[in-house]
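*Asks:*
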Amino acid sequence: MDFALSEEQQAIFDMAQGFGAENIAPHALHWDEAGTIPKTLWPKLAELGLGGIYVSEEHGGSGLSRLDATLVFEALAMACPSVGSLLSIHNMCAGMIDKFGTEAMKARLLPDLCAMTRLASYCLTEPGAGSDAAALKTRAQATAEGWRLTGTKAFISGGGYSDLYIVMARSGGEGPKGISAFVVEDGSAGLSFGGLEKKMGWRAQPTRQVQLDDCLTPPENLLGVEGKGFAYAMAGLDGGRLNIAASALGGAQAALDRTLAYMAERRAFGQRLDQFQALQFRLAEAEIRLQSARTFLRQAAWLLDKADPQATKFCAMAKVLVTDAAFEVANDCLQLHGGYGYLADYGIEKIVRDLRVHQILEGTNEIMRLIVARSLIGGK
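Listed below in structure tokens is the structure:
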């Protein structure tokens with residue numbers, strides 16, 4: 022069993038880390054304050070092949086593996102978890118179109134998505150349907166013109182910012198089998214957005230409600246087969262959970278790196294902070310937690326790439342293990358900075374704010390534990 026990255030994988034990590042250090046990190050605090058990310062950033066990422074990470078090369082993508090993707094998102098999150106996570110959502114959407122869309126849909130949408138001249142957002146959650154996503158109420162009514170969608174989606178990253186939205190809506194009866202997936206393009210009649218949400222973290226990426234009021238989408242914008250939308254949504258979330266975990270890991274690693282540098286310079290009681298054994302133990306604990314989280318994350322990604330029957334369980338376990346560890350490490354790094362950790366200029370408090378939501382989205386960590394428990398007890 023070889024745990025080492027291949028030369029190609031190490032190059033992917035180094036490329037993403039270098040891009041983040043040069044093009045994202047210097048602006049992260051400003052974008053956090055401004056509440057938006059310049060759209061000029063995305064084509065630059067696309068030039069590196071990061072606009073269609075899972076999309077086949079035939080349609081302009083990079084055709085990378087899920088393990089490769091965790092390297093990309095860990096590396097980018099070392100510059101800013103918020104930016105990397107929005108890129109992850111875009112890639113999840115592009116990957117769903119590549120996997121489930123018709124050839125005509127792929128030819129029409131994927132070139133722009135891979136070039137990131139258009140950005141995509143994912144619309145599953147509703148005000149009354151979060152963890153119980155199969156209870157969603159947004160309706161899709163078939164008409165002679167196509168489909169008319171009515172409902173509201175909540176907590177949508179990129180709402181009012183993106184160019185198209187993959188929307189899960191109920192085209193049939195109750196339960197998961199009544200849900201279909203649709204591509205709703207910006208500018209569609211009946212599509213509007215709520216006000217900008219004021220959030221604890223992830224402030225750089227705009228988050229709004231997506232409102233559909235008899236919103237017309239053409240028949241060719243049905244994604245895949247009618248009634249399969251919920252299955253598509255869940256399939257996309259396995260990889261999404263790995264990416265969110267990888268982004269949390271990258272943010273926590275950045276916090277630890279900054280803490281090591283700070284403690285090597287800061288002096289108290291006649292010596293550097295990193296010379297106090299009690300504080301050394303806390304640094305060691307952070308390193309242990311991040312290294313073990315990284316190993317487990319990559320194992321889960323490897324299983325997903327193999328289409329292993331246990332992949333969903335391992336993705337859920339990785340999401341819990343990594344995001345919990347990452348937040349706790351980042352929070353402890355803030356503590357080790359003392360009062361300076363509470364100041365925005367040091368960047369630690371932003372990482373803590375950003376990482377908190379990783380324990381909630383793409384399925385709360387409580388739901389992840391439910392997935393694991395059900396896999397253990399089965400039908401017992």
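Be aware that the sequence shown starts at 22, since it is given in this note's numbering, and climbs by one per residue.
Glycine residues also receive a C-beta, built at the ideal position from the N, C-alpha and C atoms.
In this text, all values refer to a predicted model and were calculated from it rather than measured experimentally.
1) Ignoring anything shorter than 4 residues, give me the alpha helix (DSSP H) runs that lie fully in the segment 225-287, in order along the chain.
2) Which residue marks the beginning of the alpha helix (DSSP H) containing methionine 99, and which one marks its end?
3) Go ahead and label glutamine 230 buried or exposed: buried means 16 or more other beta carbons lie within 10 angstroms of its beta carbon, across all protein chains shown.
4) Expressed to the nearest angstrom, what Euclidean distance is found between the alpha-carbon atoms of glycine 272 and alanine 322?
5) Rounded to the nearest angstrom, what separates alanine 161 and alanine 154 at their Cα positions?
6) Terminal residues of the continuous beta strand (DSSP E) containing arginine 374?
7) Across which residues does DSSP place methionine 137 in a beta bridge pair?
8) Out of Ser27, Glu383 and Ala49, point me to the one whose CA is closest to leucine 258's CA.
9) Return yes when the Cβ of methionine 189 is within less than 9 Å of the Cβ of leucine 131, no when it is not.
10) Would you call alanine 55 buried or exposed, if buried means 16 or more other Cβ atoms sit within 10 Å of its Cβ?
11) Determine the direct distance from the alpha carbon of methionine 389 to that of phenylalanine 297, and round the result to whole angstroms.
12) Please name the residue in Ala346, Cys114, Lys127 and Ser313 whose C-alpha comes closest to that of alanine 256.
13) Any idea what DSSP makes of glutamate 166, helix, strand or coil?
14) Closer than 8 Å is the cut-off here; do at least three beta carbon pairs connect the segment 97-107 with the segment 265-279?
15) Quick check on glutamine 31: buried or exposed, where buried means 16 or more other Cβ atoms within 10 Å of its Cβ?
16) Per DSSP, what kind of secondary structure is isoleucine 45 in: helix, strand or coil?
17) Rank Ile110, Glu124, Ser152 and Asp278 by C-alpha distance to the C-alpha of alanine 305 and give the top, closest one.
18) Assuming serine 213 is part of the beta strand (DSSP E), what are its boundary residues?
19) Should threonine 333 be counted as a contact of the ligand GDP given a C-beta to heavy atom distance under 8 Å?
20) Excluding five sequence neighbours on each side, which residues of the same chain lie with their C-beta closer than 8 Å to the C-beta of proline 330?
21) Would you give the residue range spanned by the beta strand (DSSP E) that isoleucine 392 belongs to?
22) Let me check understanding here. Comparing Cα to Cα, which of Lys249, Gly180 and Met284 lies closest to arginine 191?
23) Thinking just about the alpha-carbon of each residue, which of Gly362, Gln320, Pro197 and Glu124 is nearest to the one in glutamate 79?
24) Could you tell me whether the Cβ atoms of asparagine 386 and threonine 333 are closer together than 9 Å?
25) Can you name the start and end residues of the alpha helix (DSSP H) that phenylalanine 290 belongs to?
26) May I ask you to report which of helix, strand or coil DSSP gives isoleucine 177?
27) Return the CA-CA distance between glutamine 320 and cysteine 236, expressed in angstroms with no decimal places.
28) Who does glycine 172 pair with in a DSSP beta bridge?
29) Report all residues from its chain with a CB closer than 7 Å to the CB of cysteine 336; omit the five preceding and five following residues, and keep chain order.
30) Does DSSP put isoleucine 110 in a helix, a strand or coil?
31) Suppose contacts are defined by Cβ-Cβ distances below 9 Å. Is glutamate 206 in contact with leucine 185 by that definition?
*Replies:* On the basis of the supplied data:
1) 250-286
2) Counting along the chain, methionine 99 falls outside any alpha helix (DSSP H), and DSSP gives it neither H nor E.
3) buried
4) 19 Å
5) 16 Å
6) Looking at the DSSP string, arginine 374 is not in any beta strand (DSSP E); the run it does join, the alpha helix (DSSP H), is 369-377.
7) In the DSSP output, where bridge partners are listed per residue, methionine 137 has none listed.
8) Glu383
9) no
10) exposed
11) 38 Å
12) Cys114
13) coil
14) yes
15) exposed
16) coil
17) Asp278
18) 212-214
19) Ligands displayed in this structure: none; no statement on the ligand GDP is therefore possible.
20) none
21) Here isoleucine 392 belongs to no beta strand (DSSP E); instead the alpha helix (DSSP H) covers 386-398.
22) Lys249
23) Glu124
24) no
25) No alpha helix (DSSP H) contains phenylalanine 290, which DSSP labels as neither H nor E.
26) strand
27) 42 Å
28) Leu233
29) Asp259, Arg262, Leu263, Ala321 and Leu325
30) helix
31) yes
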